[in-house]
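First the structure, in the form of structure tokens, and then the observations on it.
In UniProt numbering, the protein residues as written are 1 to 858.
Put into structure tokens, the structure is as follows:
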């Protein structure tokens, strides 16, 4: 049976289905647990006039919550003429939802409805912008960020869609267990106020603890409508039991210092050039292939997730050398093959043929570039290979979900999750998969929470490098002072920089012995009153460095850690408290901290008067102990040995000085104060230029760039990168010896300047040049707010943007400050355009998040 569906292109995220054709197709039968959930959802829907119109469906990963929700919508709201607004956090989830509306499900939509149109809306390339929403659309699947902005601005396209729905608008909210920021809560509450019922979806158990429900009860007053636990589905054979394997590649990625610093706080996955290097490593790809080949019977039918098409081909070729039958699948998410021959080989039907061969067991391994949303549903997959770690929990969950089909649905009893982990030199908190079961007792998880050994290891290795670089290998403090006493687990949602995706974050904040009291006092203070902006998904350290630094100075001034590192951790704690209804993050003590004390080993060996050979033998035996973490903390024995030597020197020195080895700290030699220099080192300048994208932070120019001191050297400003910024020669001259932090996104001024510091006005020849006007606005407004206030300037060479201009300020900058200068500014613009024989602009709009737009004309 051919089901008619129109598409804009091969991978368009718009579809129109002909429902009479779908009704002729055999419809997918729900699993027993899905059928139970559907009956409960139908009962809730049938009483919408009597209940409060907001409830949650809870099904674990692999349990089919998206299918269940779509099936419910088809049999209920869509059959009754409702329009659906489906909201999710990331583009991955949007695409998963879009591809769940299929002919074998849509047939359950009853007569007389004859067509169903779906549209995916977000800021992701390939998706539709919100202005393309039409009143006749039936299902709009969109990111929260996009719809929130459109709803706040009353975008005509969205308003008309909602108006067309009338009293028949139904909301689906995916990942509903995450407490949304106030702006998103306002959206959902605003839609519910219009009578729209809201169905929340989540794979994460919802607890009965009242403190954890607060906001849930407001948005979903009917509570949990249906819930099934993972353990129940595993016992019944619906889900496979996941078994995790972590394999070390011994590959050390190059993640340059300046790039790492710039990446921190963006919540993006690791940079593309790092991914390229991982995908290009022949040795690493060979190791992945050999891992499968050596234990092919154990791994069985396997999907290998990669990042690049050429990595697919490299691993496939390596597997063929081991006589393993493998095929590759890749599409729009990756670059096209580089040669004409390869492009011809990879025709539009190749992926379908490879998938079919995999389904028929003609090949054992399917290698793909993260094709997650369509065509890769193969029930009997036994293993997934994750060829690199990711920071995205949503992406990780989708990949792992490919192997979780149980024997009841032609799957396997156990699912092997194989993660390939590299030897990172930077602290990256990777996403981890956990099939949560829905126990109402948090303590079950807290007692089994694993220590962040990789983060501790990176800290220790960096400390060892500093000791060795000093020429005298002496640990500066007792070894236990270098080991955390525990860690806070913080949970919040964060907007991924450069997109409108919202990623749930679950991060660990390590706490050391000289910090624990300060953290407790700060958390006590913040749970009483935390500034509201810290609850926003897009908050950054640059936006609120002054507030965070004041907390550090008040509560943690005596801590030995780098102040900038502490500021970053304090921000994480504040974000958790702000989003979790002023609830403190849980603390996990490092229960085996005392068992990992190099000082204690050194004292024992000294008191036993052991010689060099005996020390080496005993230390090697200690390193090899299976009940210790030494081999994770120190990847090589030599690292532990060097640390031991440094501890031994400190302890012997304490003994000679008749000091207590447990508290003794070696004196720091006074080398005398050197004459100050006016410029930072060249390598520091290069890092700053790279960090700032080789562009002036005040105007955006990339010419005549200079590295400027935020606090000038004249006023004893330092050469630390945090005190440096990139400016062009002209902007540097305009700044002079003033302290203006263009690296900060929001102004620190308490009131507006009385005069508008006009930037470089475009020449008559550039009267219609968008780039020149963009620099003018950036320079003028950034100097006016004395920070990097301008986020975006919207001016075009043609179309509406040629006449209607807009400047978007970053959060924390009030457009109203510019009101006294608006007429003067527009007069200047019109004068330049008139002299250049260009038509006048029609409007100028200045906007900022959470602020009223300033518009000319009024």
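Virtual Cβ for every residue (Gly too), placed ideally from N, Cα, C.
Residue 141 to residue 65 span [Cα, whole Å]: 16 Å
Segment contact flag, the region 621-638 with the region 586-602, C-beta cutoff 8 Å, min 3 pairs: yes
Reference residue 812, options 790, 795 and 830, closest by Cα: 790
Pair within 9 Å by beta-carbon distance, residue 200 and residue 173: yes
Given residue 585 as reference, the closest of 526, 135, 111 and 740 once Cα atoms are compared: 526
First through last residue of the alpha helix (DSSP H) which encompasses residue 322: Unbroken run through residue 322: none, as it is neither H nor E.
Residue 171 versus 528, 156 and 187, residue with shortest Cα-Cα distance: 187
Closest Cα partner of residue 748 within the set 761, 783 and 765: 783
Residue span of the beta strand (DSSP E) that contains residue 589, given as start and end: 587-589
Local Cβ density within 10 Å of residue 82, reported as buried at 16 or more and exposed below that: buried
Supposed contact pair residue 404 and residue 235 - C-beta distance, whole angstroms, cut 8 Å: Going by Cβ atoms, the distance from residue 235 to residue 404 rounds to 14 Å, so no, they are not a contact pair.
Residue 702 classed as buried or exposed, judged by whether at least 16 other C-beta atoms fall within 10 angstroms: exposed
For residue 203, the residue or residues it bridges with in DSSP: Answer is none; residue 203 lacks a bridge partner.
Segment limits, beta strand (DSSP E) that includes residue 363: Per DSSP, residue 363 belongs to no beta strand (DSSP E) and is neither H nor E.
Assigned secondary structure, residue 269 (DSSP; H/G/I helix, E/B strand, else coil): coil
Reduced DSSP secondary structure (H/G/I, E/B, other) of residue 643: helix
Residue environment, residue 848, which counts as buried when at least 16 other CB atoms sit within 10 Å: buried
Distance CB(residue 850)-CB(residue 775) smaller than 9 Å: no
Proximity to residue 278 [Cα-Cα], best of 416, 713, 204 and 420: 420
Own chain residues within Cβ distance below 6 Å of residue 248, not counting five before or after: 421
Own chain, CB closer than 7 Å to residue 844, minus 5 neighbours either side, in chain order: 805, 826 and 856
Residue 274 versus residue 253 - alpha carbon distance: 7 Å
Residues near residue 33 by beta carbon distance below 6 Å, same chain, minus five either side: 228
Cut-off 8 Å between Cβ atoms - residues of its own chain near residue 757, not counting five sequence neighbours on either side: 734, 780, 783 and 784
Distance CB(residue 92)-CB(residue 394) smaller than 9 Å: yes
Beta-carbon spacing of residue 302, residue 383 below 9 Å: yes
Top-ranked residue by Cα proximity to residue 743, from 777, 750 and 787: 787
Residue 494 beta carbon less than 9 Å from that of residue 537: yes
Range of the contiguous beta strand (DSSP E) that encloses residue 119: 115-121
Reference residue 424; option with closest CA among 682, 74, 837 and 634: 634
Residue ranges of each beta strand (DSSP E) within the region 62-110, 3 or longer: 83-88
Supposed contact pair residue 176 and residue 202 - C-beta distance, whole angstroms, cut 8 Å: 5 Å
Terminal residues of the beta strand (DSSP E) in which residue 879 lies: A question about residue 879 goes unanswered here, because the residues of the chain that appear run from 1 up to 858.
Stretch pair the region 53-65 + the region 130-144: three plus CB contacts closer than 8 Å: no
Those residues which DSSP pairs with residue 244 across a bridge: 417
C-alpha gap between residue 355 and residue 369, whole angstroms: 13 Å
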